[in-house]
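In the working numbering, the protein residues as written are 188 to 238. The structure under discussion appears below in the form of structure tokens.
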């Protein structure tokens, strides 16, 4: 489900965690709070994309 509301829900983006990215960004940092960096659904998405 790629609707904006579903993305916000699935990645839990309404939490106030963005101050952690204000300095030095998020690249190269593996914090659990950065839900958009998770790859746990990559295999499932690849299967769906390839049919």
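Idealized CB from N, CA, C, for every residue including glycine. This one's a predicted model, so the numbers in the text were calculated from it and none came from an experiment.
Item                                                                                                                                                : Value
To the nearest angstrom, how far is the alpha carbon of residue 231 from that of residue 238?                                                       : 11 Å
Return the first residue and the last residue of the alpha helix (DSSP H) that residue 193 is part of.                                              : 191-197
With residue 198 and residue 223 assumed to form a contact (beta carbons below 8 Å), what rounded beta-carbon distance in angstroms separates them? : 5 Å
So residue 220 packs on residue 204, CB below 8 Å; how close in whole Å?                                                                            : 5 Å
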